[in-house]
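Before any comments, here is the structure.
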Amino acid sequence: MTITEKVNSLPGWAVPAAIFLFALAARLAYVFSAGIHTMPDIDSVEYLNYAKNLIAGEGYTDGRWRAFRAPGYPFFAAGVFGLFGESLPALKVVQAAVSSSVPVMVYFIGRRLGGRAVALGAGFFSCFYFGLVFEPHHLVSEALFTPLFVLAVLLLLKTEEDWRYSLPVGVVLGLTTLTRPVGLLVIAAGALWIFLRLPLRRALKVSLFVFLSICAVMAPWWARNYRVFGTFVPVCLETGFVVKHTGTPPELLDFNDGMPELERDRRNLEEGLSYIRSRPGHELFMKGIRELSRFLYPFLPAYDTTYMLILPFWLYGLYAIVRSRDERSYLLFSMFIYFPIAFIFCGTTRYRHSLGAFFILIAALGVKDLAERARASGRGRALAGAAAVWAALNVFIHIFSEPARFAFKSFLGI
602 MTITEKVNSL PGWAVPAAIF LFALAARLAY VFSAGIHTMP DIDSVEYLNY
652 AKNLIAGEGY TDGRWRAFRA PGYPFFAAGV FGLFGESLPA LKVVQAAVSS
702 SVPVMVYFIG RRLGGRAVAL GAGFFSCFYF GLVFEPHHLV SEALFTPLFV
752 LAVLLLLKTE EDWRYSLPVG VVLGLTTLTR PVGLLVIAAG ALWIFLRLPL
802 RRALKVSLFV FLSICAVMAP WWARNYRVFG TFVPVCLETG FVVKHTGTPP
852 ELLDFNDGMP ELERDRRNLE EGLSYIRSRP GHELFMKGIR ELSRFLYPFL
902 PAYDTTYMLI LPFWLYGLYA IVRSRDERSY LLFSMFIYFP IAFIFCGTTR
952 YRHSLGAFFI LIAALGVKDL AERARASGRG RALAGAAAVW AALNVFIHIF
1002 SEPARFAFKS FLGI
């Protein structure tokens, strides 16, 4: 019996279970080696203050602001604290378990879009992709946003076979948005795909139920914000801070912290936009290019080997999907919601990690297309040789990452 036959003979739950366990082992190993008690991000203090005040019955506040951070992650952390006490190790272990669902979802998405080989390759690679392994160690909203984003894509694909999946799609999209406001763009990308992929009548039906379930999930938060601020606040009051922090030089920054929270956000937004409008267009464009380059930069400062290994394959995969006009796979392009955000606001690599599942799936589809073309043209050995050279180059850079990083920065003049 061949390996393929053995895999095909396994019960349906065996491969997803194996993927989950491999992913969990990798994430727990990283969490414990990086420091189970550490809090590596400054933002974590604010998120966890909201969570602790929720547990203490003080409502949704970090001690000063009542809606500066989106509520999804603080409520998630509060739930973990409610079950296990205010324990950072417990929170990280739960995050590792939640994150381990991502490779399983990648497997199921891969089966729908490219078949079993794509599913196996993408699913198992996701277990060890650094950006996905990295996230559970960090006590910030991406730890919850990434699994929700991937789950939304999986459920959207299922609406092709049953419109009733539109209800959980809306629930997940609502939770995604409450976790990070960029979820609003995920909703827009999902709606575009629904009308592109489904017949008009079915698309209208699905989009209606998605919209209603989004509203059902978010309405309690909207009502709370109206009660607190006297106006409609869709997610949080961080927009002004982000715009001003992004566009204004540090020496000119003043976040109007003495003002009431709603007025503070509006003033920061107004002043941030005013400064941006005062800058020459070419200056803003070059700043955007630098931010986008930072978003895609391979050194963290250590070399992100898993990201770079698949880079040429997901770039080719984009071309292969467009060339084949595979409308189902167009849903993976929802990852591009982060690219204009990186260009306009902030290109931190932390945001790139949320796109890891999409990079992997598109790369797997690209590898499948390349392999089929190589077999048809008799160039299989050439393709395997090129892939081996690329892998060896990345291993070499990984081993000598510090000198490689300095050489790369010198080449770019940064």
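The opening position of the sequence shown corresponds to residue 602 in our numbering, with each subsequent residue numbered one higher.
For glycine and all other residues, C-beta sits at the position ideal for the given N, C-alpha and C.
Roughly how far, in whole angstroms, is the beta-carbon of residue i from the beta-carbon of residue j, given that I think they are within contact range, below 8 Å?
i     : j    : result
V705  : I620 : 5 Å
G715  : L966 : 5 Å
E736  : H954 : 6 Å
L625  : L740 : With a Cβ gap of about 18 Å, L625 and L740 do not count as contacting.
L870  : F830 : In fact, because the Cβ distance is near 15 Å, the residues do not count as touching under 8 Å.
W823  : F833 : 7 Å
L1046 : A679 : No answer is possible for residue 1046: the residues shown for the chain start at 602 and end at 1015.
V772  : S742 : About 18 Å separates the two Cβ atoms, so there is no contact after all.
V703  : T662 : No, V703 and T662 are not in contact; Cβ-Cβ is about 31 Å, not under 8 Å.
May I ask you to report which of helix, strand or coil DSSP gives residue i?
i    : result
Y904 : strand
A958 : helix
C947 : coil
F830 : helix
T849 : coil
I788 : helix
T573 : Look at the range of the chain in this structure, 602 to 1015, and you will see that residue 573 is not part of it.
L799 : coil
D970 : helix
F709 : helix
A668 : coil
V783 : coil
Y661 : coil
Short check: CB of residue i to CB of residue j, under 7 Å?
i    : j    : result
Y674 : P617 : no
H999 : Y898 : no
L745 : T780 : yes
A964 : G918 : yes
F669 : E839 : yes
L776 : L805 : no
G889 : K845 : no
V699 : K969 : no
L893 : G948 : yes
F896 : A943 : yes
L962 : A723 : yes
P769 : L758 : no
With residue i as the anchor, note down where its alpha helix (DSSP H) starts and where it stops.
i    : result
Y648 : D644 to I656
H739 : Element bounds for H739: n/a, residue is neither H nor E.
A989 : G981 to I1000
D866 : E862 to S879
E892 : G882 to L897
C728 : R717 to F729
V695 : L689 to S700
S935 : Counting along the chain, S935 falls outside any alpha helix (DSSP H), and DSSP gives it neither H nor E.
L684 : G673 to F685
L854 : Counting along the chain, L854 falls outside any alpha helix (DSSP H), and DSSP gives it neither H nor E.
**Asked** On the three-pair Cβ rule with 8 Å, is the stretch 925–941 touching the stretch 989–1005?
**Response** In short, these stretches do not touch, since the Cβ pair count stays below three.
**At least three beta-carbon pairs within less than 8 Å, the stretch 628–644 to the stretch 729–743** = By the criterion of at least three beta-carbon pairs nearer than 8 Å, the stretch 628–644 is in contact with the stretch 729–743.
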